[in-house]
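For the sequence shown, the numbering used here assigns the number 6 to the initial residue and increments by one for each residue that follows. Here the structure is laid out as structure tokens; the discussion comes afterwards.
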Amino acid sequence: MAIYLEIPGIKGNVTADGYKDQIQLDSVSFGVSRGITMTPGAMSNREATRPSLSEVSISKTCDSSVINLFKEASVGSNGKDVKIHFVRTGADKVVEYMTYELFDCLISSYSMSCPGEGEAMENLTLSYSKVEISYTNTDKDNANGTAQRVSYDLTQARGG
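Structure (structure tokens):
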């Protein structure tokens with residue numbers, strides 16, 4: 006499995022067909038939470054708050070994107086539509102099974118660390134106004150099924 010980050014105007018070192026010049030990620034972290042009342046004796050009438058979506062945290066090994074990622078984090082630009090592609094290795098090519106698309110995305114934090122004996126690593130946090138997630142099931146023969154999609158728009162406080 007591999008994870009690729011696609012940011013318009015920023016090139017990485019990926020060479021896989023269909024993902025050339027994207028940025029390879031080592032990890033991605035994202036979450037959603039909401040408060041739900043838990044009153045003893047009234048559990049059937051629980052109330053929930055609006056969801057709280059976390060920023061997306063990513064980590065990666067330093068590559069050719071380091072300069073432009075730092076520039077985006079420190080100087081910034083208008084928000085960009087960013088995609089995070091999750092792919093599996095197929096028989097003769099990589100096959101995408103999940104995608105996170107972040108709309109109006111900005112880099113809200115950037116840090117770099119390097120152990121004395123290892124490679125330099127970057128950690129970034131991505132802020133966005135809308136997230137759309139798509140996931141494609143595979144059958145027992147690894148044939149792709151129908152993509153499932155869900156989204157949440159923070160500007161309108163509405164899911165879709």
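Ideal placement from N, C-alpha and C gives every residue a C-beta, glycine not left out. Because the structure is a prediction, the values reported are computed rather than measured.
query: For R55, which option in S38, G46 and S49 has the closest C-alpha, if you only look at C-alpha atoms?
result: In the sequence shown, counting from the first residue as 1, residue 55 sits at position 50. Looking at the Cα atoms, S38 is the closest of the given residues.
query: Alpha carbon to alpha carbon, how far is D86 from S118?
result: Here residue 86 refers to the residue found at position 81 of the sequence shown. Here residue 118 refers to the residue found at position 113 of the sequence shown. So the alpha carbons of these two residues sit roughly 27 Å apart.
query: For K76, does the three-state DSSP call read helix, strand or coil?
result: Reading the sequence shown from its first residue, position 71 is the one you call residue 76. Assigned with DSSP and collapsed to three states, K76 falls in helix.
message: Taking the alpha-carbon of G14 as reference, which of M48, G84 and L30 has the nearest alpha-carbon?
response: Indexing the sequence shown from 1 puts residue 14 at position 9. Comparing Cα-Cα distances from G14 to each of M48, G84 and L30, the minimum goes to G84.
message: Across the segment 16 to 23 and the segment 34 to 51, are there enough close Cβ pairs to call them in contact, namely three or more that are closer than 8 Å?
response: Segments in contact, no.
- prompt: What did DSSP end up calling V71 once you bin it into helix, strand or coil?
  reply: Here residue 71 refers to the residue found at position 66 when the sequence shown is read from its first residue. Here V71 sits in helix by DSSP.
- request: Excluding the 5 residues preceding and the 5 following E101 in the sequence, name in chain order all residues of the same chain whose CB lies nearer than 6 Å to its CB.
  value: What you label residue 101 is simply residue 96 of the sequence shown in a count that begins at 1. Excluding the 5 residues flanking it on each side, E101 has same chain C-beta neighbours closer than 6 Å at H90 and V92, in chain order.
query: Whose C-alpha, out of M6, D26 and S82, is nearest the C-alpha of S32?
result: Position 27 of the sequence shown, counting from 1, holds the residue named residue 32. Considering only M6, D26 and S82, the residue with the shortest C-alpha distance to S32 is M6.
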